[in-house]
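So the sequence shown is residues 0 to 338, counted in this note's numbering.
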Amino acid sequence: MFLYLDIRIPELFDVIGSASAADLSLVSDDSECVAIKAAYEKLMRTDEKLLSDKVNQLHQRLEAGSQLDLTLPASSKVDLNILRKVFIRLCDQYPGDCGCFSLFFLNYICLEPGQAVFLDANLPHAYLSGDCVECMACSDNVVRAGLTPKFKDVDCLLSMLQYEPRTSNRIIFPSKICPVHVPDPKLDLNPNSAPEVSVYEPPVQEFAVDRIWVSCCGHMGFLVIPANCEAFHLYAIRSASILIVITGSGRFEVFQFHQPADPVSDQQTKKISSSDSSEQSHVVYAGSVNQLIDFHRGTVFFVHENVSFSILPDAASDEGILAFRAYANVDMAQSESTA
0 MFLYLDIRIP
10 ELFDVIGSAS
20 AADLSLVSDD
30 SECVAIKAAY
40 EKLMRTDEKL
50 LSDKVNQLHQ
60 RLEAGSQLDL
70 TLPASSKVDL
80 NILRKVFIRL
90 CDQYPGDCGC
100 FSLFFLNYIC
110 LEPGQAVFLD
120 ANLPHAYLSG
130 DCVECMACSD
140 NVVRAGLTPK
150 FKDVDCLLSM
160 LQYEPRTSNR
170 IIFPSKICPV
180 HVPDPKLDLN
190 PNSAPEVSVY
200 EPPVQEFAVD
210 RIWVSCCGHM
220 GFLVIPANCE
230 AFHLYAIRSA
240 SILIVITGSG
250 RFEVFQFHQP
260 ADPVSDQQTK
270 KISSSDSSEQ
280 SHVVYAGSVN
290 QLIDFHRGTV
300 FFVHENVSFS
310 ILPDAASDEG
320 ILAFRAYANV
330 DMAQSESTA
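So this is what it looks like as structure tokens:
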């Protein structure tokens with residue numbers, strides 16, 4: 000939840016009440032989240048007809064040229080004109096929806112390529128535009144209450160939400176940089192264009208994400224390989240992982256020490272190619288023997304724990320490779336078990 004120092008939006012006042020609005024404006028450190036929770040509950044429980052009318056009234060007023068009347072904390076970087084345009088866009092997409100007013104209770108964050116956010120459980124959020132990769136714990140308890148045509152469970156949502164005020168700086172999640180092995184002596188990469196792995200390890204056991212990029216590719220993103228590189232070698236991790244190819248084509252070269260009980264010879268090589276030349280997704284299972292696996296856009300690749308592999312771009316293609324890799328955050332799990 001985001002906290003404004005002063006809110007002077009009459010349409011919102013008519014929904015949450017002037018008393019709740021005044022409480023929000025007076026609170027600078029709502030440690031118990033009482034004022035925010037009370038105001039947001041009033042918003043979400045307001046009669047649908049009244050709420051829709053007030054959302055539409057503000058929409059019409061802002062479209063006619065009025066500005067948002069809000070006072071922001073000195074540290075805030077929110078552009079009120081941009082916020083005004085976002086509200087208008089939400090109203091165009093979801094006319095009369097309570098989620099349009101939720102904009103004034105939440106942080107509005109624009110992420111740059113390579114930036115990430117970590118969202119705690121029960122933290123309200125909505126993706127408004129753009130492309131992103133979302134990695135989350137396995138669950139069936141996503142609760143919706145606005146900006147959606149799907150089922151809305153307001154009572155459940157209000158009972159579980161975090162209402163603690165926080166700034167966007169607490170939500171944007173940093174990464175740590177790790178090197179990538181390039182087994183190609185012919186590729187002359189200067190320090191500014193050498194490949195790196197940005198590892199995003201949130202404070203949870205369920206997941207982590209790797210981002211590998213090369214600036215000379217010209218396309219920043221997760222697991223980006225330049226077309227002029229013959230191979231990138233990704234080291235084994237202590238977790239199974241899933242990799243999805245977004246653009247590009249080439250071959251995975253998979254290496255794994257087979258178990259003593261494995262009757263298959265170390266020297267055996269297995270080649271798996273997609274018989275479907277279309278760009279529809281397909282899943283390839285990487286076994287315990289060495290493999291060469293052709294891939295293209297839409298390929299989903301499962302990697303066993305303790306398996307390393309190289310990515311070999313298609314030499315005939317001038318397109319770089321963009322992919323995403325996610326896995327369990329086993330380092331976090333082990334540190335918690337030994338604490």
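From the three backbone atoms N, C-alpha and C, an ideal C-beta is built for every residue, glycine too.
Distance CB(residue i)-CB(residue j) smaller than 9 Å
i      : j      : result
Leu71  : Phe86  : no
Cys90  : Leu50  : no
Tyr326 : Ile241 : yes
Leu67  : Ile8   : yes
Lys175 : Val141 : no
Gly129 : Gly247 : no
Phe301 : Ala239 : yes
Glu200 : Asn328 : yes
Val116 : Ile35  : no
Val296 : Ile245 : Here residue 296 turns out to be Arg, not Val, going by the sequence shown. Yes, they are a contact pair.
Ser167 : Lys41  : no
Glu205 : Met135 : yes
Glu10  : Arg60  : yes
Gly95  : Asp52  : yes
Leu311 : Glu252 : yes
Cys32  : Glu133 : no
Gly145 : Tyr93  : yes
Cys131 : Leu110 : yes
Arg143 : Asp152 : yes
Leu160 : Tyr39  : yes
Per DSSP, the bridge partner or partners of residue i
i      : result
Asp209 : Val198 and Arg324
Val116 : Ile171
Thr246 : Leu321
Ser128 : Beta-bridge pairing links Ser128 to no other residue.
Ser240 : Val302 and Tyr326
Val203 : In DSSP, Val203 forms no bridge with anything.
Val253 : Gln290 and Phe308
Ile35  : Partner(s): none; Ile35 has no beta bridge.
Ile6   : Leu69
Nearest-angstrom Cβ-Cβ length linking residue i and residue j, presumed shorter than 8 Å
i      : j      : result
Phe323 : Leu233 : Rounded, the Cβ-Cβ distance is 13 Å, inconsistent with contact.
Val203 : Met43  : Wrong, their Cβ atoms sit about 27 Å apart, outside the cutoff.
Ile6   : Ala20  : 6 Å
Leu292 : Arg237 : What sits at residue 292 in the sequence shown is Ile, not Leu. The Cβ separation is near 22 Å, so there is no contact.
Val14  : Phe150 : At roughly 23 Å, the Cβ-Cβ gap does not stay under 8 Å, so Val14 and Phe150 are not in contact.
CB contact below 9 Å: residue i versus chain D
i      : result
Gly249 : The structure shown contains no chain D, having only a single protein chain.
Contact between the stretch 71–82 and the stretch 42–60 is defined here as three or more beta-carbon pairs at a separation below 8 Å; is this criterion met? Cβ pair count under 8 Å is below three, so no.
Given 8 Å as the limit, is there contact between the stretch 118–137 and the stretch 146–163, that is, 3 or more CB pairs closer than that? yes
For the stretch 39–113, list the alpha helix (DSSP H) runs that are entirely contained and at least 4 residues long, ordered along the chain. 47–62, 79–92 and 97–101
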